Amino acid sequence: MRYVDEYRNKEIAQKILRQIKSISKKKINLMEVCGTHTVAIFRNGIRKILAPNINLISGPGCPVCVTPISYIDEIIALSKKGNFIITTFGDMMRVPGSTSTLEKEKSDGADIRIVYSTLDALKIAQDNSSKEVVFMGVGFETTSPTIASVVLKAQKEKIKNFSVLSVAKIMPPAMKILLEGKEVNIDGFICPGHVSAIIGSKPYNFITTQYKVPCVICGFEPLDILQSIYMLVKQIEDGRAEVEIQYERVVKPEGNKIALNKIKEVFKVIDSDWRGIGNISLSGLEIKDKYGKFNARKFEVEIEETKEPKGCRCGEVLRGVIIPPECSLFGKVCTPENPQGACMVSTEGTCAAYYKYN
Amino acid sequence: MCLAIPGKITKIFGDNTAEIEIGGIIKEVNLDLIPKVKIDDYVLLHAGFAIEVIDQEKALEIFRAWEGKVD
């Protein structure tokens, strides 16, 4: 077992598909709220092989896409201060701010470096002790423990020139907002597998108890996704609403307690702005005052006035209200080469996935 | 951004790091989030950190559930 190819077995996939077809009667909308699922669903052609009564909708699952423009402006402002090195995951480089991108700033001379891990950012700080090194803390619960871990490491190793500009987010409150908004009818959630590896299954309980919407925590290979769809259809047809774990080889109901404790130690939960959705109560993570010296918001910067790209309908795409081709910019003015909104920049953005795979 | 890849632990070092093999490629991972791993465990690698151990028994359940199933 390598835990990859085995879950791409065609015969089993066909069996699951036939079972889905035989039990599925209602017309339903299932939403995935993880960008990695969005890409896996498109890459494997899963939307096309399902019966037409099962509609898959992409939600706000791409951290790059839900990051507000003002945050990009904030980090760009920091990059312009002398003596700063900005470190970031590669996906953020081309996201448009109000008037610039990190990529443009880098070509104009700012010291902006792509890293693969928070550990690499810390190493850059150790190697450049005369400079301030800021890491762009973008991500959901999968990534936030890795940020917490390096903050604790920086504290332990007394590294003074490392800090994080956090815009880390928590997924379940965004799912609540989508259900409350009622702009789109969601009959079931394909819940994020790796976020759930950290948080477990309990944070989704309110969705099944208060809103009676079934949830299945799903893995990322084609058989995982098909089985999760089968489990959701079965719940819907049986009239049940439960949180089930399809991705049992990885996700435990209680999650990863060590990772959760690190998040709890370093971060406090705050209200947070989501691009396209607005401010969501208790949906973001900020560095606690106790670790304030590692919070890049200790640096004063002047941030330009936020300008949204004209005509971009990223917000509605992120809420699952429209599909990308309904936006007049899609594929014409807005392409992966010349993206107008974040959903076309990130490889996990819904617009980029539609453009690449349709 | 929540991509995580399975890899097999081949060496464990004293400083809470390990070496894992992913399809023939060797990478170093940090074990801060799952310190109790053994050689030959499969773990999920996300941004330089191992975030969870794969339960090798539960991994087979999907095949047990579907392989013998007659439609």
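Residue numbers (the numbering used here), protein chains in the order written: chain A, 101 to 458; chain B, 77 to 147. Cβ atoms here follow ideal geometry from the backbone N, Cα and C, with glycine treated the same way. This one's a predicted model, so the numbers in the text were calculated from it and none came from an experiment.
Report the partner residues of residue i according to the DSSP bridge assignment.
| i | result |
| --- | --- |
| A/S263 | A/V234 |
| A/R213 | A/T187 |
| A/P314 | Looking at the DSSP assignment, A/P314 forms no beta bridge with any residue, so it has no partner. |
| B/P82 | B/L120 |
| A/M131 | A/I157 and A/F289 |
| B/T93 | B/N106 |
| A/C451 | Bridge partners of A/C451: none, in fact. |
| A/E408 | Looking at the DSSP assignment, A/E408 forms no beta bridge with any residue, so it has no partner. |
| A/C434 | A/F430 |
| A/L385 | A/A268 and A/V369 |
| B/E128 | B/L120 |
| A/N395 | A/V264 |
Do you know offhand how far residue i's Cα is from residue j's?
| i | j | result |
| --- | --- | --- |
| A/I387 | A/I247 | 10 Å |
| B/F89 | B/E95 | 8 Å |
| A/N129 | A/I157 | 7 Å |
| A/N361 | A/I270 | 15 Å |
| A/V133 | A/L117 | 22 Å |
| A/A177 | A/G281 | 34 Å |
| B/I110 | A/L323 | 26 Å |
| B/D117 | A/I345 | 21 Å |
| A/V343 | A/L279 | 16 Å |
| A/T138 | A/V238 | 18 Å |
| A/I212 | A/K312 | 46 Å |
| A/P273 | B/T86 | 39 Å |
| A/P152 | A/K127 | 8 Å |
| A/C162 | A/D338 | 31 Å |
| B/A141 | A/K352 | 20 Å |
| A/N395 | A/R375 | 22 Å |
| A/C427 | A/K407 | 19 Å |
| A/V251 | A/E241 | 16 Å |
| A/P245 | A/L265 | 15 Å |
| A/K393 | A/M236 | 15 Å |
| A/K204 | A/S446 | 17 Å |
| A/S179 | A/T188 | 12 Å |
| B/I127 | B/L121 | 6 Å |
Can you tell me whether DSSP reads residue i as helix, strand or coil?
| i | result |
| --- | --- |
| A/E426 | helix |
| A/E354 | coil |
| A/L418 | helix |
| A/V333 | helix |
| A/C462 | Past the boundaries of the shown model lies residue 462 of chain A; chain A is included only from 101 to 458, so the question cannot be answered. |
| A/A341 | coil |
| A/F306 | helix |
| A/F142 | helix |
| A/G378 | strand |
| A/K258 | coil |
| A/V195 | coil |
| A/A151 | coil |
| B/V113 | coil |
| A/K463 | Given that chain A is displayed from residue 101 to residue 458, the structure contains no residue 463 of chain A and the question cannot be resolved. |
Flag residue i as yes if its beta-carbon sits less than 8 Å from any beta-carbon of chain A, otherwise no.
| i | result |
| --- | --- |
| B/A148 | Summary: the structure shown does not reach residue 148 of chain B, with chain B confined to residues 77 through 147, and so no result is reported for it. |
| B/A126 | no |
| B/D131 | yes |
| B/I138 | yes |
| B/K87 | no |
Can you find a C-beta in chain B that's less than 8 Å from the C-beta of residue i?
| i | result |
| --- | --- |
| A/N144 | no |
| A/N305 | no |
| A/I325 | no |
| A/S249 | yes |
| A/T243 | yes |
| A/N261 | no |
| A/D371 | no |
| A/T246 | yes |
| A/Y457 | no |
| A/R102 | yes |
| A/F367 | no |
| A/F240 | yes |
| A/A459 | The shown model of chain A, from 101 to 458, leaves out residue 459 of chain A, and the question about it has no answer. |
| A/F189 | yes |
Can we count residue i as close to the ligand NAP, meaning its CB is less than 7 Å from some heavy atom?
| i | result |
| --- | --- |
| A/C162 | The ligand NAP is absent from the structure shown, which contains no ligands of any kind. |
request  = Would you list, in chain order, the members of the region 93-124 of chain B that have their beta-carbon closer than 8 Å to a beta-carbon of chain A?
outcome  = G99, N106, D108, L109, I110, P111, Y118, L120, H122, A123 and G124
query = Which residues, in chain order, does the region 280-303 of chain A contribute to contact with chain B at a C-beta distance below 9 Å?
reply = P292, G293, H294, V295, A297 and I298
task = Note down, in chain order, all residues in the region 152-177 of chain A with a beta-carbon under 9 Å from any beta-carbon belonging to chain B.
result = G161, C162, P163 and V164
query = For the region 109-142 of chain A, which residues have a beta carbon sitting closer than 7 Å to at least one beta carbon of chain B?
reply = I112, K115, I116, R118, Q119, C134, G135 and T136
query = In the region 213-226 of chain A, which residues sit with their C-beta less than 8 Å from some C-beta in chain B, listed in chain order?
reply = Y216, S217, T218, L219 and D220
query = For the region 193-212 of chain A, which residues have a beta carbon sitting closer than 9 Å to at least one beta carbon of chain B?
reply = none
query = Using a Cβ cut-off of 7 Å, which residues of the region 327-355 of chain A contact any Cβ in chain C, in chain order?
reply = Absent here is chain C; the protein component of the structure consists of chains A and B.
inquiry  = What are the residues in the region 430-452 of chain A lying within 7 Å of chain B by C-beta distance?
reply    = E448
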